[in-house]
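Structure, as structure tokens:
Number of protein chains: 2
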Amino acid sequence: MADVDDLILISVDDHLIEPPDLFADHLDAKYQDRAPRLERNDAGSDVWVFNGIAMETVALNAVAGRPKEEYGMEPQSLDEVRPGCYDVHERVKDMDAGGVLASMNFPSFPTFTARVFETSDLDLSSALVRAYNDWHIDAWCGAYPARFIPMAVPMMWDPEACAAEVRRCAAKGCHSLSFTENPAALGRPSFHDPHWDPLWKACVDTGTVVSIHLGSSGKMAIPAVDSPPDVMITLQPMNIQSAAADLLWSRVIKQFPALRIALSEGGTGWIPYFLDRLDRTYEMHRAWTQQDFGGKLPSEVFRERFLTCFISDPIGVEMRHHIGVDNMCWEADFPHSDSMWPTAPEELGAVFDKHDVPDDEVRKMTHENAMRWYSFDPFTHIAREDATVGALRRSAVGHDVAITPLSTRVRTPDEKLEGFRARARRAVAAG
Amino acid sequence: MADVDDLILISVDDHLIEPPDLFADHLDAKYQDRAPRLERNDAGSDVWVFNGIAMETVALNAVAGRPKEEYGMEPQSLDEVRPGCYDVHERVKDMDAGGVLASMNFPSFPTFTARVFETSDLDLSSALVRAYNDWHIDAWCGAYPARFIPMAVPMMWDPEACAAEVRRCAAKGCHSLSFTENPAALGRPSFHDPHWDPLWKACVDTGTVVSIHLGSSGKMAIPAVDSPPDVMITLQPMNIQSAAADLLWSRVIKQFPALRIALSEGGTGWIPYFLDRLDRTYEMHRAWTQQDFGGKLPSEVFRERFLTCFISDPIGVEMRHHIGVDNMCWEADFPHSDSMWPTAPEELGAVFDKHDVPDDEVRKMTHENAMRWYSFDPFTHIAREDATVGALRRSAVGHDVAITPLSTRVRTPDEKLEGFRARARRAVAAG
Numbered sequence: 001m002a003d004v005d006d007l008i009l010i011s012v013d014d015h016l017i018e019p020p021d022l023f024a025d026h027l028d029a030k031y032q033d034r035a036p037r038l039e040r041n042d043a044g045s046d047v048w049v050f051n052g053i054a055m056e057t058v059a060l061n062a063v064a065g066r067p068k069e070e071y072g073m074e075p076q077s078l079d080e081v082r083p084g085c086y087d088v089h090e091r092v093k094d095m096d097a098g099g100v101l102a103s104m105n106f107p108s109f110p111t112f113t114a115r116v117f118e119t120s121d122l123d124l125s126s127a128l129v130r131a132y133n134d135w136h137i138d139a140w141c142g143a144y145p146a147r148f149i150p151m152a153v154p155m156m157w158d159p160e161a162c163a164a165e166v167r168r169c170a171a172k173g174c175h176s177l178s179f180t181e182n183p184a185a186l187g188r189p190s191f192h193d194p195h196w197d198p199l200w201k202a203c204v205d206t207g208t209v210v211s212i213h214l215g216s217s218g219k220m221a222i223p224a225v226d227s228p229p230d231v232m233i234t235l236q237p238m239n240i241q242s243a244a245a246d247l248l249w250s251r252v253i254k255q256f257p258a259l260r261i262a263l264s265e266g267g268t269g270w271i272p273y274f275l276d277r278l279d280r281t282y283e284m285h286r287a288w289t290q291q292d293f294g295g296k297l298p299s300e301v302f303r304e305r306f307l308t309c310f311i312s313d314p315i316g317v318e319m320r321h322h323i324g325v326d327n328m329c330w331e332a333d334f335p336h337s338d339s340m341w342p343t344a345p346e347e348l349g350a351v352f353d354k355h356d357v358p359d360d361e362v363r364k365m366t367h368e369n370a371m372r373w374y375s376f377d378p379f380t381h382i383a384r385e386d387a388t389v390g391a392l393r394r395s396a397v398g399h400d401v402a403i404t405p406l407s408t409r410v411r412t413p414d415e416k417l418e419g420f421r422a423r424a425r426r427a428v429a430a431g
Numbered sequence: 432m433a434d435v436d437d438l439i440l441i442s443v444d445d446h447l448i449e450p451p452d453l454f455a456d457h458l459d460a461k462y463q464d465r466a467p468r469l470e471r472n473d474a475g476s477d478v479w480v481f482n483g484i485a486m487e488t489v490a491l492n493a494v495a496g497r498p499k500e501e502y503g504m505e506p507q508s509l510d511e512v513r514p515g516c517y518d519v520h521e522r523v524k525d526m527d528a529g530g531v532l533a534s535m536n537f538p539s540f541p542t543f544t545a546r547v548f549e550t551s552d553l554d555l556s557s558a559l560v561r562a563y564n565d566w567h568i569d570a571w572c573g574a575y576p577a578r579f580i581p582m583a584v585p586m587m588w589d590p591e592a593c594a595a596e597v598r599r600c601a602a603k604g605c606h607s608l609s610f611t612e613n614p615a616a617l618g619r620p621s622f623h624d625p626h627w628d629p630l631w632k633a634c635v636d637t638g639t640v641v642s643i644h645l646g647s648s649g650k651m652a653i654p655a656v657d658s659p660p661d662v663m664i665t666l667q668p669m670n671i672q673s674a675a676a677d678l679l680w681s682r683v684i685k686q687f688p689a690l691r692i693a694l695s696e697g698g699t700g701w702i703p704y705f706l707d708r709l710d711r712t713y714e715m716h717r718a719w720t721q722q723d724f725g726g727k728l729p730s731e732v733f734r735e736r737f738l739t740c741f742i743s744d745p746i747g748v749e750m751r752h753h754i755g756v757d758n759m760c761w762e763a764d765f766p767h768s769d770s771m772w773p774t775a776p777e778e779l780g781a782v783f784d785k786h787d788v789p790d791d792e793v794r795k796m797t798h799e800n801a802m803r804w805y806s807f808d809p810f811t812h813i814a815r816e817d818a819t820v821g822a823l824r825r826s827a828v829g830h831d832v833a834i835t836p837l838s839t840r841v842r843t844p845d846e847k848l849e850g851f852r853a854r855a856r857r858a859v860a861a862g
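If you read the sequences in order, they're chains A and B.
Per the numbering used here, the very first residue in the first sequence carries number 1; after that it's consecutive.
Per the numbering used here, the very first residue in the second sequence carries number 432; after that it's consecutive.
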């Protein structure tokens, strides 16, 4: 096993927090006065205000660099988070210090499917999606081409328009689309409806991966409104199994044999059992359910078409040959609480060591699979010897990575618990 | 590894179909005319009629002994299923032929929580639960004491009355209670509410295991109304993860340190990853969520308090030391489609062989754990040498175990698919 310093790390799942000036340079002038704007409310929280609604999730769970006592659903303002959450230049310094060469960044306040942009004026809504994608691809990722895998957000209200947006973004070098784990849960036709076919065709034509992040069905994973937060934290990554099953057995997989899907932040340790369930279901029930994958088993189809990822996941790494080493990627989840920034490389290296993972498999999981799946090649911009954990960290000497309380508003654990419960009550009330 | 003929098999999860005369000898005379009764409707289906409602799930998925083309949500009448589903004498012959020494049988038409018995007249409702339990314990199990682990059904409408019923049944030798994976989903207080404390206390006092079967929240595991049946079949055993997490992090586990829970038909291959998630959640978040398991890790608490089970589950058996060999049991799921009757012993033996499971671990998983957890000792009634797969099968020579079409009403796969879709539509409509 190679030294941690020699690893090259590409993360396929991180998060950015949108800066206040997001729409300034990328939205048509005629819509500027209607664009979402970041305001500080009377409680001292930063909220995005749009279409008459104030959204309080500006920096949900962006706790990297803070002590565990400060974890929780908060923070709620930009001055409670590291600047690397919303400033790309600071972000790259945080990546350097964390040993991360490149990263794919999911959106925050617009939700994973940009559904907050949907209004009765779909021209405005579409303009906002295009502006967001232009900002993300050209300004955020474009500032450091070696360091970011660009990702677009969809127009959920119109598959044809969404397909056109995928093609437009692909022409700019973007080969990832953030989508939902369950369009039916968002009130749209399900994965089993031909409704979405124009979108799948655009993704296939452009080599765009459909990146499905956990939590993108708009539901909180809680059995009861009074379930402790630990229940949700435990279950969140496991619920993506539902999307994996729904897509695997869908017509989409058969009708679009080149379509590829990423299960973002989905973990990997559950997959061996899942694949066994798929094959057993096929063996026992296909005679009446009429499923047909040609000469293949569903587990083989899964390995060809689904990208999986993990943070450290000792079980997934131990069972990697049951999963498929060619479709496992590493992820960092910066700046959320699952992230181990800035010591993620050490924790990952320890898992590789424990299971004696050979170098070629390490390379696949740490960066080669991500490069191939997302058509991303950082080495046209940076030399390999400058891209390692060790080299990046040497370039970041002096950047402050101490774990320190950052809150301007210190909350007690009791207040944090109540914050979670209030969110749960709102989620359950909203159905 | 021992010969399959030498295995001793106790199954902790099977199902019975209620016979028409269930209430005849066990319900007070004053309620006889209001008891549920089995009627054949105009479509030729047997339906239980009670309280003005006709229930069409008389024999849901009871397809043991039928060819795979006949699998599905049906059959819908007693003459479409093996008599061993509803006749205890035939059942024991089916068990003999399948090499199964003993079995715990969950209810069918009353649901896992007997909630169909709830009416505005709670005296009637309680009388029905007591009659059901008396029939199950005294008539069904009592006919062959070596062959059945008795299990009671609850009175969900009253924790005090339910506690009293648990004590009454325990006095008759019953140490298992069928319960729900999520009382909140049934419109009751959740696992986090002290509401249920009298029940937990009764279970602890009497050594009664709370047996939680998948599907016992009254919900169908489908992401969308038009998801293919394969999605539900794949996901069903995985959804019990939600109950496991909800209970593990609940106050119940801490307040009642002797309470034990079985995750019935839950499978085992998902557990290593689940335990890793539990411990990681505890490590990362307990500072704000205020969870406290004393000096133990949540994975240790899980191994002490939760019984798991599997049919063959090659991944679970391979990973058994991550799960806990002392809390894994075998199950048959007779007469449902996951069952491999009558060749389950051979399929189980092949998995044990593949992973070189030593004899002492085989004994634990095949029968010793079930005996200890459920306070059940068949060997006071039967000699060990007569209890093996080989001995039981020798006693059943001549019993018909051929896989043959049994349907009096043959349905095409298309009709079966439509039957599933109709159920899905009803489930989604019912919320």
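Built from N, CA and C at the ideal position, the CB exists for glycine as well.
The structure displayed is predicted, hence computed values, not measured ones.
Residue i versus residue j: straight-line alpha-carbon distance, rounded
i      : j      : result
B/M750 : B/D784 : 14 Å
A/A24  : A/L128 : 11 Å
B/A781 : B/P745 : 9 Å
A/K93  : A/S395 : 9 Å
B/A577 : B/F810 : 7 Å
B/D769 : A/M284 : 8 Å
A/V58  : B/T544 : 43 Å
A/D414 : B/L728 : 22 Å
B/G850 : B/E505 : 8 Å
A/G99  : A/T343 : 8 Å
B/V832 : B/E777 : 15 Å
A/A430 : A/P107 : 22 Å
A/A370 : A/D3   : 21 Å
A/F310 : A/G316 : 8 Å
B/A574 : B/K685 : 39 Å
B/L532 : B/T819 : 7 Å
Per DSSP, cross-strand counterpart(s) of residue i
i      : result
B/T739 : B/M759
A/E39  : A/V47
B/F537 : B/H446
A/A54  : A/V49
Residue i: contacting residues in chain C (beta-carbon distance under 8 Å)
i      : result
A/D292 : In the displayed structure, chain C is absent; the protein chains listed are A and B.
Cβ separation of residue i and residue j, assumed to be a contact under 8 Å, to the nearest whole Å
i      : j      : result
A/Y86  : A/I17  : 4 Å
A/P154 : A/S125 : That pair is no contact at about 11 Å.
A/W196 : A/P189 : 7 Å
B/M663 : B/I653 : 5 Å
A/A245 : B/T665 : 4 Å
B/W761 : B/S508 : At roughly 31 Å, the Cβ-Cβ gap does not stay under 8 Å, so B/W761 and B/S508 are not in contact.
Cβ neighbours of residue i in the same chain (closer than 6 Å, five flanking residues each side left out)
i      : result
A/D292 : none
B/H830 : K524 and A528
B/L823 : D527 and G530
A/N41  : V47
Collapsed DSSP secondary structure at residue i in the structure displayed
i      : result
A/S395 : helix
A/W288 : helix
B/L617 : helix
B/I754 : helix
A/V209 : strand
A/D14  : strand
A/L7   : coil
B/I692 : strand
Sequence-distant residues of the same chain with beta carbon closer than 8 Å to residue i, five excluded per side
i      : result
B/S806 : H606 and G638
A/R167 : A202, D205 and T206
A/R384 : I8
Nonlocal neighbours in the same chain, by C-beta distance under 7 Å from residue i, ignoring five residues either side
i      : result
A/R251 : H192
A/Y282 : Q291, L297 and P298
A/L247 : F191, I253 and I261
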